[in-house]
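Participant: Start counting the sequence shown at 32; every next residue gets the next number (our numbering). Cβ atoms here follow ideal geometry from the backbone N, Cα and C, with glycine treated the same way.
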Amino acid sequence: MWFSIKTSKYFTEGLKFVYQSIQSSRYLPEDLRNIIDPVTERNGFSAHPEHLILAMTQDNTKHIRELEIPRILKAGQLDQKRTFIPPKLNFNAEDYSERINWMNCDLSSPPLSKDISDDEIK
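1. What residue does the alpha helix (DSSP H) around P69 start on, and which one ends it?
2. Considering only C-alpha positions, which residue in the set P117, A78 and F42 is nearest to D126?
3. Under 7 angstroms, do I84 and E99 count as touching if we go by C-beta distance?
4. Mapping the DSSP letters down to three states, classify I36 as helix, strand or coil.
5. At the level of alpha carbons, what is the spacing between R57 and S35?
6. I need the DSSP call for L120, collapsed to helix, strand or coil.
7. In terms of alpha-carbon separation, which member of T43, T38, K37 and L138 lies closest to D90?
8. Within the same chain, show all residues whose beta-carbon is closer than 7 angstroms to that of R96, passing over the 5 residues directly before and after it, in chain order.
9. So, are the CB atoms of L138 and P101 less than 7 angstroms apart?
10. With a threshold of 16 other CB atoms inside 10 Å of the CB of K47, please say whether the residue is buried or exposed.
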């Protein structure tokens, strides 16, 4: 895992590393998971919805990229104050795109997509 993180050159892969570390920790005994999970969640800045949206734009799976388009358009329409608080993580997610509960998170448009028109996003 450490080597993968060090050799990665894209910040959009951060959430995939969080996902991999969570998946690896599922094999630990429950008492250790009870220690590790809160630390992972507290340090899960890569799991922020803004990062997740950007990671989904770079995914190899077309289905994941298509899921991202409505979310990024919705986030661009919302005029919310941007807060950067790590979200609650779903430790039982089957895919990194399901790692957070999209219904309970405050969406804000990623700063990198602020100057991109809706047509370019589509």
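Facilitator: With the structure as the only source:
1. E61 to R73
2. A78
3. yes
4. helix
5. 19 angstroms
6. strand
7. T43
8. M87, T88 and D90
9. no
10. buried
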